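Peer 1: Right, I'll just put the structure down here and ask away after.
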Amino acid sequence: MGESLDSGVLLETLCRQARELIGAADALPRTVRVRAGEMSVEVEYAEAPAVRLGPAAPPAAAGKDEIAPTAAGGHVIRAPLVGTFYRAPEPGADPFVSIGDEVEAGQQIGILEAMKLMNPVDADRAGRVVDILVPDQTPVDFDAPLLVLAPADS
């Protein structure tokens, strides 16, 4: 029992160290690995970072301001977590949605890859896609605007 408690403490320590490493970096990591057995923390960054993190509040506010004119009269679907946004289920495949497509609530509109896990991004309401704000394979932050829906009948 003492061994599992030690593993739990090690895992907690490793997770905290990984958060500190990621928070201190200028870019989003490409890969993060955390191990408890024989302790290990690995954070791998792309050679040319695509996204700069900076302070948390100003970029989020700036991102919302930037899309305000586009989203006027529309509904913005936002990233539910940090990750890389993919518009298609696999390279070379047709995108989940394109501008002009009608979507239903719950319909998948993309994928967010986070720590090698593929997380579906679903529309939270029905509508017509009027703008796609993020190119394929783009790192995004939590709550980043992904696409804009207009009411289905407009």
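full-length UniProt numbering puts the first residue of the sequence shown at 1, with every later residue one more than the last. C-beta: ideal position from N, C-alpha, C; glycine also. Since the model is a prediction, treat every value here as computed from it, not as a measurement.
Counting C-beta neighbours from all protein chains within 10 Å, is the total for residue 9 16 or more, i.e. buried, or is it exposed?
Peer 2: So residue 9 ends up on the exposed side.
Peer 1: Name, in chain order, the residues that DSSP records as bridge partners for residue 85.
Peer 2: Answer is 112, 138, bridged to residue 85.
Peer 1: State yes or no: is the C-beta of residue 83 within less than 9 Å of the C-beta of residue 149?
Peer 2: For residue 83 and residue 149, no; Cβs fall outside 9 Å.
Peer 1: Under DSSP, the beta strand (DSSP E) around residue 133 begins and ends at which residues?
Peer 2: Run containing residue 133: none; DSSP gives neither H nor E here.
Peer 1: Looking only at its chain, what residues have a beta carbon closer than 8 Å to the beta carbon of residue 119, apart from the 5 residues adjacent to it on each side?
Peer 2: Contacts found: 80, 81, 83, 111, 112, 113.
Peer 1: Nearest-angstrom Cα distance between residue 107 and residue 140?
Peer 2: The alpha-carbon atoms of residue 107 and residue 140 are separated by roughly 20 Å.
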